[in-house]
Each structure stands twice: as structure tokens, then as C-alpha cells.
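Enquirer:
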Amino acid sequence: MVLSHSVATDGTHIIHNSNSGNYLILTSGGGVEVASTIPIVYKNLLNTKNISCIIGTIRLKFSSYVILATSHEITGSVLNNEIAIIKSFEILPIGINELGKKNNEEVQYLKLLNTHLSNATLYFSIDNKYDLTNSLQRQFTNTHKAVDDRFWWNKYLSQDFIDRQVGNDFVTPIIYGYFKSHSAYFNGKILEFALLTRRSSLRAGTRYFRRGIDIDGNVANFNETEQLFASDDQHIFSLLQTRGSVPVYWAEINNLKYKPNLVISSQSSIDATAKHFSQQVELYGDNYLVNLVNQK
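Here the sequence shown is numbered in UniProt numbering, starting from 1 and rising by one per residue.
#1: Mind checking which residues open and close the alpha helix (DSSP H) that includes residue 275?
#2: May I ask which residues mark the beginning and end of the alpha helix (DSSP H) holding residue 113?
#3: Quick check on the burial criterion: 16 or more other C-beta atoms within 10 angstroms. Buried or exposed for residue 133?
#4: Among 202, 38, 235, which has the Cα closest to the Cα of residue 219?
#5: Output yes or no for whether 8 angstroms exceeds the beta carbon distance between residue 81 and residue 156.
#6: Where residue 245 and residue 223 are concerned, what is the direct C-alpha to C-alpha distance, given to the nearest angstrom?
#7: Do residue 158 and residue 95 come within 8 angstroms of each other at the CB atom, strictly closer than that value?
#8: Quick one, which of 166, 225, 75 has its alpha-carbon nearest residue 84's?
#9: Following the continuous alpha helix (DSSP H) through residue 156, name the residue where it begins and the one where it ends.
#10: Cutting at 6 angstroms between CB atoms, please list the residues of its own chain near residue 152, excluding the five before and the five after it.
#11: To the nearest angstrom, how far is the alpha carbon of residue 236 from that of residue 230?
#12: Which value, in whole angstroms, describes the spacing of the CA atoms of residue 111 and residue 105?
#13: For residue 52, which of 36, 160, 123 has the nearest alpha-carbon?
#14: Going by DSSP in three states, residue 50 sits in which element: helix, strand or coil?
#15: Among all the DSSP beta bridges, which residues are the ones paired with residue 225?
#16: Locate the alpha helix (DSSP H) running through residue 136, then write down its first and last residues.
#17: For the structure I just gave you, are there three or more beta carbon pairs, one from the region 1 to 8 and one from the region 32 to 51, closer than 8 angstroms?
#18: According to the neighbour-count rule (16 or more other Cβ atoms, all chains shown, within 10 Å of its Cβ), is residue 47 buried or exposed?
#19: On the DSSP letters alone, give me the boundaries of the beta strand (DSSP E) that residue 17 sits inside.
#20: Please classify residue 71 as buried or exposed, where buried requires at least 16 other C-beta atoms within 10 Å of its C-beta.
#21: I need the DSSP call for residue 128, collapsed to helix, strand or coil.
#22: Work out the CA separation of residue 118 and residue 206 for me, nearest whole Å.
#23: Pull up the distance between the alpha-carbon of residue 20 and that of residue 168, whole angstroms please.
#24: Pull up the CB-CB distance for residue 25 and residue 12, whole angstroms please, since I reckon it's below 8 angstroms.
#25: For residue 231, which residues does DSSP report across the bridge?
#26: Tell me residue 22's beta-bridge partners as DSSP assigns them.
#27: For residue 243, which residues of its own chain have a beta-carbon under 6 angstroms away from its beta-carbon, when the five flanking residues on both sides are left out?
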């Protein structure tokens with residue numbers, strides 16, 4: 001799948017999918033349309049170039065923006081499906097954006113968005129052929145194929161497309177995490193190793209500032225780490241581990257100390273903790289817990 005992006009003179013964005021031949025048309029005011037041909041009014045397009053994928057759209061104070069991944073790097077593959085990390089991106093206004101350019105709040109919001117996207121390690125599957133949001137076991141055993149919303153990092157940014165049922169031609173589930181694979185030749189067989197980490201979007205935040213659990217049982221900075229092993233004789237293995245903040249209500253007072261003081265909430269966390277472990281058992285089966293507090 002090759003996506004190409006163009007901009008019309010009125011700020012309308014046209015994105016073409018070479019596989020399906022369809023066009024995604026984004027107009028000011030939140031217009032989202034999929035068409036098999038370009039309307040004649042948009043025949044004179046500017047700055048046509050290939051892009052890696054669409055990260056999504058976002059509405060700030062004055063304007064809406066489309067976020068495009070403009071380059072990527074292949075970091076490996078899973079079962080012959082290539083996985084890539086986003087290397088560069090653009091945030092482009094949809095329509096004419098004169099007010100947004102002059103507003104200090106709008107400029108600050110754009111800076112924050114740029115900072116997050118610049119610091120995040122975002123991965124996607126080339127041509128949407130592999131579901132990075134789900135473990136291998138979930139993909140093989142689930143009767144219905146569905147992206148896991150916990151790890152679909154750009155779902156909020158994709159909501160306009162989801163609501164209008166744009167489909168896989170233009171919607172790319174992206175994870176925040178890590179992926180790397182390596183192939184080796186051993187005893188006459190080709191072996192493929194891969195390491196994949198997917199970060200949950202629920203109760204995400206920076207270290208020290210985001211800790212503990214919420215009332216829904218979501219712990220701060222929850223991750224799945226999956227080790228994958230496959231051989232060319234169709235043997236496939238996967239080991240899945242999860243980690244997250246200690247599932248009680250607590251926080252840290254940030255200061256200049258190497259080990260900041262901990263603050264334990266007087267609010268009982270029994271219900272939230274029980275909800276968390278019920279969810280974990282339902283999702284993963286029997287859990288084996290490892291205490292990493294003050295461990296080397």
C-alpha cells in the first residue's frame with residue numbers, strides 16, 4: 001500500500017491509496033469523505049508526495065489538523081509482516097488557518113503535540129498486515145478480530161475516521177513502545193526472534209508524576225512485553241509479560257531527593273485493586289506477581 005498526500009488551494013487534504021484506488025478527502029469544518037475519484041474542483045493539487053501512514057486528526061482551539069507520518073524505518077518483521085517505526089511527521093492545518101497562526105494558545109498546543117510525537121517511539125505494521133495491539137495468542141484464539149483499544153495509541157486521533165467508517169485504507173493502528181526482530185540460521189533452520197512492547201493508553205504519563213491506580217482498575221504506565229520465536233517449520237512461541245505501577249492509590253512528592261517521599265492515600269484502594277486483578281485474570285489467565293520495588 002502506497003499513500004500519497006496532496007493539498008488543494010483551499011487547504012483541503014487529498015490522500016490517495018494506491019491499492020484500493022480510493023481517495024480520502026479532508027475539508028475544513030470536520031468534513032471526511034472517501035471517494036473513488038477526485039472531485040473536479042480539486043484537480044489542481046499542490047505538493048503531492050508519498051507518506052508512510054495517517055496518524056490522525058485533531059481539533060485544537062481554532063483549527064483542525066491532520067497528522068501525517070512522512071517517513072519510517074523497518075525494524076523487523078513478524079511472520080513475514082514488516083513492522084516500522086515512525087521517523088518523521090507533519091502536523092498540517094485543514095483549511096485556511098489564519099486565526100490559529102496568530103493565537104498564542106494554539107501555538108502552545110501545537111508545540112506540546114510536536115513534543116509528544118517527537119519523543120514517542122511509534123510503530124505500525126506495513127499495509128496493516130499484522131495487529132501490533134494484540135498478542136500472538138489473542139490473534140490466534142479470538143473468534144472476532146478486533147484492535148485492542150488499550151494499546152491503540154492513536155485511536156483518539158483516528159476517531160473521525162472510525163465514526164465515518166473510513167476503513168483500513170486510511171486507518172492505521174499505531175502502538176507506543178518498542179519492536180525489533182532478528183533472524184538467525186541454526187542447525188539447518190531459520191529462526192526468527194522478536195521483542196515487542198506495547199504501552200497502554202489508559203493512565204499513561206511521565207515517570208514520578210503518574211503513579212498508582214484509578215477507580216477503574218487501570219494502573220499507571222501499564223505495558224505488555226512479548227517475546228516471539230518462530231522457526232521455518234511453522235513452530236511459533238510467544239511469552240507475554242505485563243508490568244505497571246503498584247495497584248494502590250499512591251503518589252510521590254517530587255523534590256531534589258534521589259528517593260522522593262511516597263504519599264499513600266487514605267482512601268481505600270481495595271475495590272480498585274480487586275477490579276485490576278480481576279481484569280488481569282480475565283485477560284491473561286493465572287497471574288504470577290513479581291515485586292520490583294527497591295529491587296536490583
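Even glycine gets a Cβ: it sits at the ideal position worked out from N, Cα and C.
Expert: Taking the coordinates as given:
#1: For the purposes of this step, residue 275 is identified with residue 275 of the sequence shown, where counting begins at 1. 270 to 284 is the span of the alpha helix (DSSP H), which, as asked, contains residue 275.
#2: Working through the sequence shown from its first residue, we reach residue 113 at position 113. For residue 113, the enclosing alpha helix (DSSP H) covers residues 104 to 119.
#3: Locating residue 133 in the sequence shown gives position 133, counting from the first residue. Buried, by the Cβ-count rule.
#4: One-based indexing of the sequence shown puts residue 219 at position 219. The residue with the shortest Cα to Cα distance from residue 219 is 202.
#5: Counting from 1 along the sequence shown, the entry for residue 81 is found at position 81. Counting from 1 along the sequence shown, the entry for residue 156 is found at position 156. No, Cβ-Cβ distance for residue 81 and residue 156 is not below 8 angstroms.
#6: Your numbering for residue 245 matches position 245 in the sequence shown. Your numbering for residue 223 matches position 223 in the sequence shown. The straight-line gap from Cα to Cα measures roughly 10 angstroms.
#7: Translated into positions along the sequence shown, residue 95 becomes position 95. Translated into positions along the sequence shown, residue 158 becomes position 158. Not a contact, by the Cβ cut-off of 8 angstroms.
#8: Numbered from its first residue, the sequence shown carries residue 84 at position 84. With distances taken between Cα atoms, residue 84 lies closest to 75.
#9: For this step, residue 156 is matched to residue 156 along the sequence shown. Boundaries of the alpha helix (DSSP H) around residue 156: 155 to 163.
#10: Counting from 1 along the sequence shown, the entry for residue 152 is found at position 152. Take residue 152, set aside five residues on each side of it, and the residues of its chain with a beta-carbon closer than 6 angstroms to its own are 133, 173, in chain order.
#11: Residue mapping note: residue 236 aligns to position 236 of the sequence shown, counting from 1. Residue mapping note: residue 230 aligns to position 230 of the sequence shown, counting from 1. Going by the C-alpha atoms only, they are around 4 angstroms apart.
#12: As a first step, residue 111 is located in the sequence shown; it is residue number 111 there, counting from the start. As a first step, residue 105 is located in the sequence shown; it is residue number 105 there, counting from the start. Using only the alpha carbons, I get a separation of about 10 angstroms.
#13: Along the sequence shown, one-based indexing puts residue 52 at 52. Measuring from the Cα of residue 52, the nearest candidate turns out to be 123.
#14: The residue given as residue 50 occupies position 50 in the sequence shown. In the structure shown, residue 50 sits in a strand (DSSP, three-state: E or B).
#15: Position 225 of the sequence shown holds residue 225. Residue 225 pairs with 197, 241.
#16: Taking the first residue of the sequence shown as position 1, residue 136 is located at position 136. Per DSSP, residue 136 belongs to the alpha helix (DSSP H) from 136 to 141.
#17: By the criterion of at least three beta-carbon pairs nearer than 8 angstroms, the region 1 to 8 is in contact with the region 32 to 51.
#18: Counted from its first residue, the sequence shown places residue 47 at position 47. By the 10 Å Cβ count, residue 47 comes out exposed.
#19: As a first step, residue 17 is located in the sequence shown; it is residue number 17 there, counting from the start. First-last of the beta strand (DSSP E) with residue 17: 13 to 17.
#20: As a first step, residue 71 is located in the sequence shown; it is residue number 71 there, counting from the start. That one is exposed.
#21: Counting from one through the sequence shown, the residue named residue 128 turns up at place 128. Helix.
#22: Within the sequence shown, the letter at position 206 stands for residue 206. Within the sequence shown, the letter at position 118 stands for residue 118. Note on geometry: alpha-carbon atoms of residue 206 and residue 118 lie some 15 angstroms from one another.
#23: Within the sequence shown, numbered from 1, the residue matching residue 20 stands at position 20. Within the sequence shown, numbered from 1, the residue matching residue 168 stands at position 168. The alpha-carbon atoms of residue 20 and residue 168 are separated by roughly 10 angstroms.
#24: As a first step, residue 25 must be located in the sequence shown, where it is residue number 25. As a first step, residue 12 must be located in the sequence shown, where it is residue number 12. Right, the Cβ-Cβ distance comes to about 7 angstroms (below 8 angstroms), so this counts as a contact.
#25: Taking the sequence shown and counting its residues from 1, one reaches residue 231 at position 231. DSSP, once it has assigned bridges, lists 191 as partnering residue 231.
#26: The residue you call residue 22 lines up with position 22 of the sequence shown. Paired residues: none, contrary to the question.
#27: Against the sequence shown, residue 243 aligns to sequence position 243. Counting only Cβ-Cβ distances below 6 angstroms, and skipping sequence neighbours, we find 223.
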